[in-house]
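Asks:
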Amino acid sequence: MRNKRIVIIGTRTWELTSIHMEYFVNNDANVVGILESPTEGITTTTSGGSSSKPIHVIAEEQDIPIICGKPKDDGIMDQVRKWAPDVIVVIGYQFFLPDEFLNIPPMGVVNFHTSLLPRHCGRHPGFWTIWYGDEKSGMAVHFMDSGLDTGEIAYKSYVPVEDGDTVDTLYDRIWKNDEPMIKQLLDDIETNTIPRTPQDKSQYTYNYVPHEKDFELDFRQHAQLLVNRHLVKPFKSYIVLNGNHFPVYECQAIDEPTTSRNFKLNTPYECDGKLVYMTPNKWLQIDQLMIEDKPYPALELAKEKVGEIKKIKIG
Numbered sequence: 000m001r002n003k004r005i006v007i008i009g010t011r012t013w014e015l016t017s018i019h020m021e022y023f024v025n026n027d028a029n030v031v032g033i034l035e036s037p038t039e040g041i042t043t044t045t046s047g048g049s050s051s052k053p054i055h056v057i058a059e060e061q062d063i064p065i066i067c068g069k070p071k072d073d074g075i076m077d078q079v080r081k082w083a084p085d086v087i088v089v090i091g092y093q094f095f096l097p098d099e100f101l102n103i104p105p106m107g108v109v110n111f112h113t114s115l116l117p118r119h120c121g122r123h124p125g126f127w128t129i130w131y132g133d134e135k136s137g138m139a140v141h142f143m144d145s146g147l148d149t150g151e152i153a154y155k156s157y158v159p160v161e162d163g164d165t166v167d168t169l170y171d172r173i174w175k176n177d178e179p180m181i182k183q184l185l186d187d188i189e190t191n192t193i194p195r196t197p198q199d200k201s202q203y204t205y206n207y208v209p210h211e212k213d214f215e216l217d218f219r220q221h222a223q224l225l226v227n228r229h230l231v232k233p234f235k236s237y238i239v240l241n242g243n244h245f246p247v248y249e250c251q252a253i254d255e256p257t258t259s260r261n262f263k264l265n266t267p268y269e270c271d272g273k274l275v276y277m278t279p280n281k282w283l284q285i286d287q288l289m290i291e292d293k294p295y296p297a298l299e300l301a302k303e304k305v306g307e308i309k310k311i312k313i314g
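In this text, residue positions in the sequence shown follow numbering that gives the first Met the number 0: the first is 0, and each later residue adds one.
#1: Taking the alpha carbon of lysine 318 as the point to measure from, which residue in Pro279, Lys71 and Ile313 has its own alpha carbon closest?
#2: Going by beta-carbon coordinates alone, are isoleucine 173 and leucine 116 separated by less than 8 Å?
#3: Pick out whichever of Asn2, Asn241 and Gly150 has its Cα sitting closest to the Cα of glycine 306.
#4: CB cysteine 250 to CB isoleucine 285, shorter than 8 Å?
#5: Is the CB-CB distance between leucine 316 and glycine 125 below 8 Å?
#6: How would you write the range of the alpha helix (DSSP H) that lysine 81 sits in, first residue to last?
#7: Since I believe asparagine 206 is in contact with arginine 80 (beta carbons under 8 Å), could you give me their beta-carbon distance rounded to a whole number of angstroms?
#8: Just reading off the alpha helix (DSSP H) that isoleucine 188 is part of, what are its end residues?
#9: Report the three-state DSSP secondary structure of serine 156 (helix, strand or coil).
#10: Given a cut-off of 8 Å, decide if aspartate 162 and glutamine 223 are closer than it, judged by their beta-carbon atoms.
#11: In terms of residues, what are the limits of the beta strand (DSSP E) holding tyrosine 248?
#12: What's the call for isoleucine 290, buried or exposed, on a 16-neighbour Cβ count within 10 Å?
#13: Enumerate, from N- to C-terminal direction, the unbroken alpha helix (DSSP H) stretches of 4 or more residues contained entirely within the segment 189-234.
#14: Count the other CB atoms within 10 Å of the CB of leucine 264; is the residue buried (16 or more) or exposed (fewer)?
#15: What residue does the beta strand (DSSP E) around glycine 137 start on, and which one ends it?
#16: CB alanine 58 to CB arginine 4, shorter than 8 Å?
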């Protein structure tokens, strides 16, 4: 068991918390207490659930005291002070930590954020990583300050973003890569030598909670990016036909470039019995749309809603 005292803050229903908590235990971290988030009001873009042990189960197995609440709830900060942590580690917690809380541990509060800060600060970074078509992602461990994910960086890990990734598959790839970084963090905590690198604030981008409009397929974007946006949250993306929204059930990029000036954006076409749309670099083929949560042939539905659709040849 290591000497420095650590308090961990997380959420029992999040895989982010569960898998990293196991890494800390497996590397002999001296976890003296756990602050668990209330689950009310928590938002997520993952499929939900966890295949790892929830933190309350790990706490019971390891005989670690655990409390549940928000930082300003009665008794929460007093209990954290009683645990006398040298450092606090946040691994998946959506509630704001005030300066009074951040000042409790002498070595500071570090947070695990699943993006390459300063890109994608804020909520749901995996969703926005895929939505914007980033080629790489990873984990940033940073010190917390009064800003939103703006504190100095301690460590980063890197993984590629792959076509077809969902939030779940991207996070899984990142988190499985994190145990060596946790071991390094624990070693540096013992010697009080956690590195600090200021973030480049000119590269700062902020994430908000996705709105319905974010799921409308924008045919000004490349076809493969639209496929990836569809997969990031299956059956949430949609197209508009005659003013009505229809969720996309299945779509794919057609590997033929757009070479003619005679096609129009946001216009449905028929090619080989399929519904297709032009994008700047390839064609997007929509195979099935959804009506009342059931798949329906996209071309047939489009003809019902907009009437005659021009037939074209691609390539």
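Ideal Cβ placement from N, Cα and C applies to all residues, glycine included.
Replies: In this structure, then:
#1: Coverage of the chain is limited to positions 0 through 314, which leaves residue 318 absent and any answer about it impossible.
#2: Position 174 of the sequence shown, counting from 1, holds the residue named residue 173. Position 117 of the sequence shown, counting from 1, holds the residue named residue 116. In this structure, leucine 116 does not lie closer than 8 Å to isoleucine 173 by Cβ.
#3: Sequence index remark: in the sequence shown, residue 306 carries index 307 (1-based). That would be Asn241, whose Cα lies nearest to the Cα of glycine 306.
#4: Position 251 of the sequence shown, counting from 1, holds the residue named residue 250. Position 286 of the sequence shown, counting from 1, holds the residue named residue 285. Yes, the pair counts as a contact, with Cβ atoms nearer than the cut-off.
#5: One cannot answer for residue 316 here, as it falls past the ends of the chain, which runs 0 to 314.
#6: Here the question's residue 81 lines up with position 82 in the sequence shown. Looking at the DSSP string, the run of the alpha helix (DSSP H) that includes lysine 81 is 75-82.
#7: By 1-based counting over the sequence shown, the position of residue 80 is 81. By 1-based counting over the sequence shown, the position of residue 206 is 207. Rounded, the Cβ-Cβ distance is 32 Å, inconsistent with contact.
#8: Within the sequence shown, numbered from 1, the residue matching residue 188 stands at position 189. That run of the alpha helix (DSSP H) goes 178-190.
#9: As a first step, residue 156 is located in the sequence shown; it is residue number 157 there, counting from the start. In the structure shown, serine 156 sits in a strand (DSSP, three-state: E or B).
#10: Along the sequence shown, read from residue 1 onward, the residue named residue 223 stands at position 224. Along the sequence shown, read from residue 1 onward, the residue named residue 162 stands at position 163. Yes, the pair counts as a contact, with Cβ atoms nearer than the cut-off.
#11: Mapped onto the sequence shown, residue 248 falls at position 249. Element bounds for tyrosine 248: 243-253.
#12: The residue labelled residue 290 in the question sits at position 291 within the sequence shown. Result: exposed.
#13: 222-231
#14: Here residue 264 corresponds to residue number 265 of the sequence shown, with the count starting at 1. The residue is exposed, with fewer than 16 neighbouring Cβ atoms inside 10 Å.
#15: Sequence index remark: in the sequence shown, residue 137 carries index 138 (1-based). Residues 135-142.
#16: Position 59 of the sequence shown holds residue 58. Position 5 of the sequence shown holds residue 4. No.
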